Amino acid sequence: MAEVAFVDVEKRYGAVRVISGLNLQIADGEFAVLVGPSGCGKTTSLQMVAGLEPISSGRLFIGGRDVTDVPPKSRDIAMVFQSYALFPHMNVFDNIAFGLKIRKVPKAEMQAEVDGVAKRLKIDSFLDRLPRALSGGQRQRVALARALVRQPGVFLMDEPLSNLDAQLRVEARSFLAKMHHELGITTLYVTHDQAEAMTMGTQIVVMNEGVIQQAAPPLEVYNNPANRFVAGFIGSPATNFFQLRYHEACLVDPALNIKLPVPASRRPALARYADAEIVLGARPEHIRVVPRGQTRPAGAVDFTIDVVQNLGHEVLLDIVAGPHRAVTRVGPVDFPKEGEQRAFDFDMTLVHFFDPQTGANIVAGTG
4 MAEVAFVDVE KRYGAVRVIS GLNLQIADGE FAVLVGPSGC GKTTSLQMVA GLEPISSGRL
64 FIGGRDVTDV PPKSRDIAMV FQSYALFPHM NVFDNIAFGL KIRKVPKAEM QAEVDGVAKR
124 LKIDSFLDRL PRALSGGQRQ RVALARALVR QPGVFLMDEP LSNLDAQLRV EARSFLAKMH
184 HELGITTLYV THDQAEAMTM GTQIVVMNEG VIQQAAPPLE VYNNPANRFV AGFIGSPATN
244 FFQLRYHEAC LVDPALNIKL PVPASRRPAL ARYADAEIVL GARPEHIRVV PRGQTRPAGA
304 VDFTIDVVQN LGHEVLLDIV AGPHRAVTRV GPVDFPKEGE QRAFDFDMTL VHFFDPQTGA
364 NIVAGTG
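Take 4 as the starting number for the sequence shown in the numbering used here and just add one per residue.
This is the structure we're talking about:
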């Protein structure tokens, strides 16, 4: 078993605390993605697992064994870095076999191990090439092969796809997800790209300023964000936020004639906010343009189309109503024009309500 557990882990540099009371359980065989903005502590957390950064306080367990003070070579981990870190003077075979040579693995066994992993990763046809003769995607697979050939208990990846172009990143995401499904190696993956987190992880760990904001399966994080930060970080385009007042079972802005009825099932959690401010969080798909000729729904809001972004398969609209700005999606047919005013309907069964002071999600969407 190769589960990973952080128990009250802190990391300090002098008086500066960069990781605060980290408690996290990553099950054996899980693909956990640590995601968050630059400086949130995700790479530092990964390096503590690898033993490259000492823990200031708390304990770290791998496979039930306390490895807090265990050197990296004895932790049964393998790591793939952002830069691939291949030896430029060694061919692909020697790069992959480097760790096996250090451990003095017999030549016949080493040959079999390298051939096996190279075939799995489809790099067996260029084992004699130097890294400079490889594409970025091929170098990435060589770095993966070097880590996999060790058959580690835990696989650590620090933004391994960041040097690839957009198309290759999509292909590499699919490849890594399939590889994890086949091998079942416990994996910790660090990225700032929320699309990678959503498509690859079995668990997403959203971090900010050294603190875990939410740790849950991808759809749970997307559909039921723990707080405003998670809602704003996960999803593209980002969640739209509106500061409104809760009055008589509606969210209102009298100055703009906005009156959004709150479904009965969601009102009890909002009772303590009567006549107080609430932050409404609506993803682009939660705001729909009212089709021309259709009866205007109760609660529809008039917005002016500020910018039209035609992406081919969909159209994104930047819309404005007084101080309120939002982005919404419409289909590629019969979409509004810039400068046009249209009515938009909010799906109040799926939007989120956040406390304006704490940012906490007051009540999750009911679907």
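Every residue gets a Cβ at the ideal spot worked out from N, C-alpha and C, and that includes glycine. None of these values were measured; they are calculated from a predicted model.
Following the DSSP letters along the chain, one finds residue 221 inside the alpha helix (DSSP H) bounded by residues 221-226.
For residue 26, the uninterrupted beta strand (DSSP E) run begins and ends at 19-29, by DSSP. Judged by their CB atoms, residue 215 and residue 209 are nearer to each other than the 9 Å cut-off. Residue 105 counts as exposed, since fewer than 16 other beta carbons sit within 10 angstroms of its beta carbon.
In this structure, the alpha-carbon of residue 68 lies about 47 Å from that of residue 268.
In the DSSP assignment, residue 14 falls within the beta strand (DSSP E) that extends over 7-16.
Between residue 244 and the set 287, 38 and 65, the nearest pair of CA atoms involves 287.
Excluding its 5 nearest sequence neighbours in each direction, residue 44 has C-beta neighbours in its own chain below 6 Å: 21, 22, 210 and 213, listed in chain order. Taking the Cβ atoms as the reference, residue 246 lies roughly 6 Å from residue 282, within the contact range of under 8 Å. In terms of Cα proximity to residue 313, the closest of 333, 57 and 323 is 333. For residue 235, the enclosing alpha helix (DSSP H) covers residues 231-236.
In the DSSP assignment, residue 327 falls outside any alpha helix (DSSP H) and lies within the beta strand (DSSP E) extending over 327-333.
Assigned with DSSP and collapsed to three states, residue 91 falls in coil, not helix or strand. When C-beta atoms of the segment 289-300 are compared with those of the segment 346-361, three or more pairs fall below 8 Å, so the two segments count as touching. Sequence-distant partners of residue 187 (beyond 5 residues in either direction) whose C-beta falls short of 8 Å from its own C-beta, in its chain, are 32.
Taking 9 Å as the cut-off, the Cβ atoms of residue 14 and residue 58 count as close. Following the DSSP letters along the chain, one finds residue 324 inside the beta strand (DSSP E) bounded by residues 318-324. Annotation for residue 193: the continuous beta strand (DSSP E) segment containing it runs 189-194. In the DSSP assignment, residue 174 falls within the alpha helix (DSSP H) that extends over 169-186. Note on geometry: alpha-carbon atoms of residue 219 and residue 128 lie some 40 Å from one another. Between the alpha carbons of residue 365 and residue 356 lies a distance of about 5 Å.
Between residue 284 and residue 234 a beta carbon distance of about 5 Å is seen, short of the 8 Å cut, so the two are scored as contacting. For residue 52, the closest alpha carbon among the candidates 108, 74 and 131 is that of 74.
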